[in-house]
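Chains as they are written, first to last, in my numbering: chain A, 117 to 198; chain B, 5 to 152.
Even for Gly, the Cβ is constructed at its ideal location relative to N, Cα and C.
Below is one structure; the comments refer to it alone.
As structure tokens, this is what we get:
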């Protein structure tokens with residue numbers, strides 16, 4: 117079980133800020149594939165992962181990173197701080 | 005080091021005056037202030053979203069990196085989130101060092117990294133509707149000059 121968080125337009129497209137996901141996905145990209153298979157809104161949010169960033173337990177990571185031991189996964193567009 | 009992430013306005017004058025006060029070994033203090041810009045008179049407001057928890061950690065990590073690279077007496081980062089109107093202050097950074105070179109370089113480093121490595125997202129609301137601000141390639145390119 118992982119907590120999955122969505123921010124900015126990813127949150128808007130999926131329609132919720134976070135959810136608990138029961139998954140056996142080995143990597144982030146495997147989790148994305150599972151989510152995309154759920155519903156159209158996930159497919160729309162994850163259509164182009166080059167436009168997305170991922171954080172694992174609040175540290176920036178990569179889509180091929182393993183999920184073993186990870187409690188919190190966050191998906192969001194490139195950041196625009198400052 | 006002090007990192008503050010808050011929705012409320014901050015007092016730039018008071019923060020600047022208090023920063024490095026009493027540090028007689030510091031000969032230079034640099035401050036940068038980010039302001040909500042309305043380029044064409046159409047912006048009603050900006051909404052800034054962030055990732056509570058990760059935001060504070062990411063900024064602290066960037067500030068620690070700055071402290072490792074330059075001789076700094078102190079670092080201050082204040083960044084707001086929530087709804088901001090044109091002209092409002094979004095954020096500030098302050099650095100101090102014995103000589104000005106380190107304080108200037110560190111402030112610029114902090115800003116370059118805060119732009120694209122601190123989890124904030126800006127949405128602009130105009131009469132035409134709402135649009136997320138897209139990250140710019142040059143913001144990403146700006147990081148390459150700090151690689152070593």
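Beta strand (DSSP E) containing residue i: first to last residue?
i                      : result
residue 136 of chain B : 133-136
residue 188 of chain A : 188-192
residue 86 of chain B  : 86-88
residue 125 of chain B : 124-130
residue 6 of chain B   : 6-10
residue 118 of chain A : 118-122
residue 141 of chain B : That residue, residue 141 of chain B, is in no beta strand (DSSP E); its alpha helix (DSSP H) goes 141-148.
residue 174 of chain B : The structure shown does not extend to residue 174 of chain B, since chain B spans only 5 to 152, so no value can be given for it.
residue 37 of chain B  : 32-39
Can you name, in chain order, every residue of its own chain whose Cβ lies under 7 Å from the Cβ of residue i, other than the five neighbours on each side?
i                     : result
residue 74 of chain B : 101, 106, 109 and 110
Residue i to residue j, Cα distance in whole Å?
i                      : j                      : result
residue 144 of chain A : residue 104 of chain B : 44 Å
residue 99 of chain B  : residue 16 of chain B  : 14 Å
residue 30 of chain B  : residue 23 of chain B  : 11 Å
residue 67 of chain B  : residue 7 of chain B   : 9 Å
residue 126 of chain A : residue 115 of chain B : 25 Å
residue 92 of chain B  : residue 62 of chain B  : 24 Å
residue 190 of chain A : residue 167 of chain A : 14 Å
residue 37 of chain B  : residue 145 of chain B : 22 Å
residue 121 of chain B : residue 192 of chain A : 12 Å
residue 162 of chain A : residue 148 of chain A : 7 Å
residue 124 of chain A : residue 28 of chain B  : 44 Å
residue 156 of chain A : residue 21 of chain B  : 53 Å
residue 150 of chain B : residue 112 of chain B : 10 Å
residue 124 of chain B : residue 56 of chain B  : 10 Å
residue 130 of chain B : residue 142 of chain B : 25 Å
Excluding the 5 residues preceding and the 5 following residue i in the sequence, name in chain order all residues of the same chain whose CB lies nearer than 8 Å to its CB.
i                      : result
residue 160 of chain A : 129
residue 169 of chain A : 176, 191, 192, 193, 194 and 195
residue 142 of chain A : 182, 183 and 184
Less than 6 Å between C-beta atoms, sequence neighbours within five positions excluded: which residues of the same chain meet that for residue i?
i                      : result
residue 134 of chain B : 127
Any Cβ of chain E within less than 9 Å of the Cβ of residue i?
i                      : result
residue 120 of chain B : Included in the structure are the protein chains A and B, with no chain E among them.
Which residues bound the alpha helix (DSSP H) around residue i?
i                      : result
residue 120 of chain B : 104-121
residue 65 of chain B  : 58-73
residue 138 of chain A : Segment: none, residue 138 of chain A is in no alpha helix (DSSP H) and carries neither H nor E.
residue 17 of chain B  : 16-22
Next on the checklist: To test your reading of the DSSP string, which unbroken beta strand (DSSP E) runs of 3 or more residues are found completely within the segment 140-176 of chain A?
Outcome noted: List check, beta strand (DSSP E) in window: 169-172.
Next on the checklist: Any contact between the segment 176-196 of chain A and the segment 63-82 of chain B? By contact I mean 3 or more CB pairs, one from each, below 8 Å.
Outcome noted: Look at the beta carbons and you see the segment 176-196 of chain A not touching the segment 63-82 of chain B: under three pairs across the two are nearer than 8 Å.
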